[in-house]
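Q: Below you'll find the structure I mean.
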Amino acid sequence: MLQNEPVEDQNKLTNNLELQPTNLRQIRLAFWLIRLRWYYIIGIVVAYSIAKYILHITIWGLPINSVVLFLIIYNSLSFFYLRHLKRSHIRRSLKVVNRMINFQISTDLIALTVLLHFSGGVENPGIIFYIFHMIIGSYILSTKESILQTTFALLLVGSMTFLEYTGIIPHYPLEGFIITNMYSNLTYIICTGVIFVITSYFIVYIIRTVIRESTKHEIAYLNVNHKLRQKDKIKNEYVVRITHDIKGHITAIQSCINVLHEKITGPLNQQQEEFVNRAHVRIEILNQFISDLLNITKIKLQQKYDKKYFDLNHSIEEVLKIAEENARNKDIIIVQKIDPSISKIFGEQSSIEEVIINLILNAIKYSPPGKNVTLSAEDKQDKVLIEVTDKGIGIPENEIDLIFNEFYRASNVKTQIKDGTGLGLTISKEIVESHGGKIWVKSNIGIGTTFSFLLKKER
Amino acid sequence: MKKNKILLIDDDVDFLASTKLFLESRKYEVNTAINTKIGLEVLESFHPDLIILDIIMDTKLEGYNFLNELKSDPSKMKIPIIMNSNMAIALGVNMRSAIEDVDHLPKTRFMDKSGNHKGLLKTVEELMP
């Protein structure tokens with residue numbers, strides 16, 4: 001029934017761990033690239049306006065504006081295309097996303113070269129922007145792809161400089177800004193070229209090394225995390241097996257003691273009766289504890305709930321039937337305030353019923369005799385709010401945050417009521433949260449306590 | 460007055476002996492079986508009005524297999540059954556939906572096994588008023 005799953009092959013595990021974040025990471029980074037390009041476009045427009053209208057630098061507007069217009073259209077199309085890819089199956093689209101990123105970085109490099117060519121070529125200090133592209137490329141792409149992109153950038157800038165130098169294409173100087181004949185100075189070109197090539201490849205090397213190191217750490221962290229989860233699962237399965245075996249013995253002992261307690265085998269003397277009663281009470285507590293421990297462990301192991309649409313009103317009726325006897329024994333009436341508009345909600349019926357019964361039985365347990373308990377269910381558009389209010393002993397303010405912790409029992413109940421296990425509220429919280437809901441408590445010492453939980457109505 | 464008959468099938472002899480004694484004190488005629496094979500033999504001669512059945516015995520699904528055999532026999536498919544298990548919680552399935560079968564066993568109940576006979580008695584009385 002509860003079998004250990006075969007231990008995964010270490011390599012397979014590492015690959016899985018590596019693959020999963022890469023898919024999402026590339027999509028995220030592709031969007032980041034698009035966002036950066038918007039800043040880049042704004043930057044070009046601002047720089048062009050300052051150069052032309054404030055610094056009065058001679059600059060040919062038509063090609064610059066054309067590149068800007070091209071970038072706007074191209075970036076918008078990229079955005080919509082990527083959004084489409086994101087909605088399709090991520091695993092299948094990873095290759096496409098990578099290809100798209102490569103294409104975009106290459107296009108950006110071409111656009112930058114065109115811009116530079118029409119604004120001074122190698123004389124323009126904007127030549128440093130190639131470095132940004134190399135950093136971005138090294139961050140997003142693989143080492144091989146980064147080196148290829150860097151080589152492509154160097155070829156572009158090299159060709160532009162060579163063609164301008166040899167006069168094959170015209171040079172567009174930035175008059176009124178910098179010395180305009182540097183494009184024909186061979187020493188300047190060679191020195192700048194060498195520094196530029198070394199800097200470019202060095203940046204790619206540094207960034208790829210940093211990324212490789214951080215990926216190593218990330219994988220190690222994910223591996224450890226995965227192993228911890230596996231160990232926790234094994235521990236939980238172990239707890240289930242052990243507690244089950246213990247429960248079998250306890251049930252048999254309880255059954256035997258009950259025969260004596262019910263005096264089926266004949267009357268007991270006063271002392272015999274006293275000790276049988278003691279054993280009877282303790283075994284009941286122990287049995288409840290084991291049941292709760294099994295329950296919380298099962299919930300932790302459980303991956304899926306059997307969720308369906310069910311009638312909440314019907315569930316409340318069923319739950320009240322179960323609580324009826326406990327309430328009657330303490331002369332407590334369970335007042336119902338159920339919104340008639342609530343009907344079907346989506347979830348695992350037995351688990352939701354368990355939460356309600358837990359809260360109601362708790363409310364009865366911690367209320368003085370004769371003080372009523374209120375159960376309300378309120379329609380909150382797409383959610384349902386269920387509340388259980390008692391006029392009981394209340395929870396100390398500094399313990400409110402601890403009350404849902406495993407095995408925690410409030411200090412003021414431990415001495416008065418001995419049969420709590422400290423697991424009921426933990427179980428309730430686990431169930432509510434795994435249904436996408438939330439549970440909380442408000443309490444005043446000596447006045448009473450309200451436990452509330454919100455559940456989604458729909459899937 | 461004719462007593463209602465209960466067949467108790469469980470592999471725990473102590474639970475079997477004590478629960479038998481308890482149910483007999485509540486005026487039921489009780490017969491026991493240590494596994495479903497013996498249970499099936501007793502069933503033929505005893506003709507119980509209700510069966511209390513442990514789920515996990517020699518095999519994990521022994522109780523279920525027995526239940527299925529009853530379902531397929533038209534003369535027995537109407538006998539009310541209480542499915543009793545220590546593993547109720549740990550089984551990790553919604554037991555109620557697993558055993559609810561309105562066509563064949565309209566009176567099937569599932570219980571978390573307990574040595575406190577109160578809950579068991581209540582269910583027995585509910586199924587055999």
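Order-wise, the sequence lines are chains V and C.
Per my numbering, the first sequence starts with residue 1, numbered consecutively.
Per my numbering, the second sequence starts with residue 460, numbered consecutively.
Every residue, glycine too, gets a C-beta built ideally from N, C-alpha and C.
Here the structure is a predicted model, which means the values were calculated and not measured.
#1: Taking a cut of 8 Å between CB atoms, which residues from the region 249 to 268 of chain V lie near chain C?
#2: Within 8 Å (strictly less), CB to CB, does Leu455(V) reach chain C?
#3: Say yes only if the C-beta of Asn65(V) is nearer than 7 Å to one or more non-hydrogen atoms of the ligand GDP, and no if none qualify.
#4: Rounded to the nearest angstrom, how far is the Cβ of Leu455(V) from that of Val432(V), given a contact under 8 Å?
#5: Please confirm whether Thr374(V) and Lys330(V) have their CB atoms less than 8 Å apart.
#6: DSSP state of Gly578(C), grouped into three classes?
#7: Using a threshold of 8 Å, state whether the C-beta atoms of Pro533(C) and Lys464(C) are closer than that.
#8: Give a yes or no on whether 8 Å exceeds the smallest Cβ distance from Ile342(V) to chain C.
#9: Answer yes or no: does any C-beta atom of chain C fall closer than 8 Å to that of Ser214(V)?
#10: Can you have a look at Ser66(V) and say buried or exposed, based on whether 16 or more other CB atoms are within 10 angstroms of its CB?
#11: Please name the residue, chosen from Lys263(V), Ile54(V), Asn102(V), that lies closest to Ile136(V) on a Cα-to-Cα basis.
#12: Touch check for the region 222 to 242 of chain V and the region 436 to 451 of chain V: three-plus C-beta pairs under 8 Å?
#13: Within 8 Å (strictly less), CB to CB, does Asn313(V) reach chain C?
#14: Are the C-beta of Phe525(C) and some C-beta of chain V separated by less than 8 Å?
#15: Is the shortest distance between the beta-carbon of Phe505(C) and the beta-carbons of chain V less than 8 Å?
#16: Just the Cα atoms here: how many angstroms apart are Met1(V) and Asn545(C)?
#17: Can you list, in chain order, the residues of its chain with a C-beta nearer than 6 Å to that of Gly436(V)? Leave out the 5 residues immediately preceding and following it.
#18: DSSP three-state label for Trp440(V), please.
#19: Could you check how far apart the C-beta atoms of Ile468(C) and Leu512(C) are, in whole angstroms? I think they sit under 8 Å.
#20: Within the continuous beta strand (DSSP E) that includes Ala492(C), where are the two ends?
#21: Which bits of chain V does Asp532(C) rub up against, with CB to CB less than 9 Å?
#22: Compare the C-alpha of Val384(V) against each of Ile128(V), Pro340(V), Pro368(V) and name the closest.
#23: Would you mind giving the Cβ-Cβ distance between Asn236(V) and Leu301(V), rounded to the nearest angstrom? I have them listed as a contact below 8 Å.
#24: Could you give the C-beta distance for Leu115(V) and Ile54(V), rounded to a whole number, given that I count them as a contact under 8 Å?
#25: List the endpoints of the continuous beta strand (DSSP E) containing Val239(V).
#26: Do you know offhand how far Glu348(V)'s Cα is from Leu320(V)'s?
#27: Considering only C-alpha positions, which residue in the set Leu33(V), Val335(V), Ser350(V) is nearest to Tyr74(V)?
#28: List the residues of chain V that Lys572(C) touches, going by C-beta distances under 7 Å, in chain order.
#29: Whose Cβ in chain C lies nearer than 9 Å to the Cβ of Asn287(V)?
#30: So, using beta-carbon positions, are Ile285(V) and Ile427(V) closer together than 8 Å?
#31: Val472(C): which of Arg212(V), Leu36(V), Cys256(V) sits nearest, CA to CA?
#32: With H, G and I counted as helix, E and B as strand and the rest as coil, what does DSSP make of Phe80(V)?
#33: Give the DSSP-derived three-state secondary structure of Glu458(V) in the structure shown.
#34: When burial is assigned at 16 or more other CB atoms within 10 Å of the CB, is Leu24(V) buried or exposed?
#35: Excluding the five sequence neighbours on either side, which residues of its own chain have a C-beta within less than 8 Å of the C-beta of Asp517(C), listed in chain order?
#36: So, is Gly498(C) buried or exposed, given that buried needs 16 or more other C-beta atoms within 10 angstroms?
A: To lay it out plainly:
#1: Interface annotation for the region 249 to 268 of chain V against chain C: Ile250, Thr251, Ala252, Ile253, Gln254, Ser255, Cys256, Ile257, Asn258, Val259, Glu262, Ile264, Thr265, criterion Cβ-Cβ distance under 8 Å.
#2: Not one beta carbon of chain C lies nearer than 8 Å to the beta carbon of Leu455(V).
#3: In the structure shown, the ligand GDP is absent, as is every other ligand, since no ligand is present at all.
#4: 7 Å
#5: No; because the gap between Cβ atoms is not below 8 Å, this pair is not in contact.
#6: helix
#7: no
#8: It does not; no Cβ of chain C falls within 8 Å.
#9: no
#10: exposed
#11: Among Lys263(V), Ile54(V), Asn102(V), the Cα nearest to that of Ile136(V) belongs to Asn102(V).
#12: Not touching, per the Cβ criterion.
#13: no
#14: no
#15: Residue contact check for Phe505(C) against chain V: no CB pair falls below 8 Å.
#16: Low local confidence applies: a pLDDT of 34 at Met1(V) is under 50, so the model's placement there is unreliable, with the coordinate-based value given in what follows. So the two alpha carbons sit approximately 14 Å from each other.
#17: Lys456.
#18: strand
#19: 5 Å
#20: The continuous beta strand (DSSP E) containing Ala492(C) extends over residues 488 to 492.
#21: By Cβ distance, chain V contributes nothing, its closest Cβ being about 27 Å from Asp532(C), past 9 Å.
#22: Out of Ile128(V), Pro340(V), Pro368(V), Pro340(V) has the C-alpha closest to the C-alpha of Val384(V).
#23: Confirmed, about 5 Å.
#24: Not quite, the Cβ-Cβ distance comes to about 19 Å (not below 8 Å), so this is no contact.
#25: No beta strand (DSSP E) holds Val239(V); the alpha helix (DSSP H) holding it covers 186 to 261.
#26: Linking Glu348(V) to Leu320(V) through their CA atoms gives a straight-line distance of about 18 Å.
#27: If we check each option's Cα against that of Tyr74(V), Leu33(V) comes out closest.
#28: Thr251
#29: The contact set of Asn287(V) on chain C, defined by CB atoms closer than 9 Å, consists of Ser573, Gly574, Asn575 in chain order.
#30: no
#31: Cys256(V)
#32: Helix, per DSSP.
#33: It is coil, neither helix nor strand.
#34: Leu24(V) should be labelled exposed.
#35: Asp470, Asn494
#36: buried
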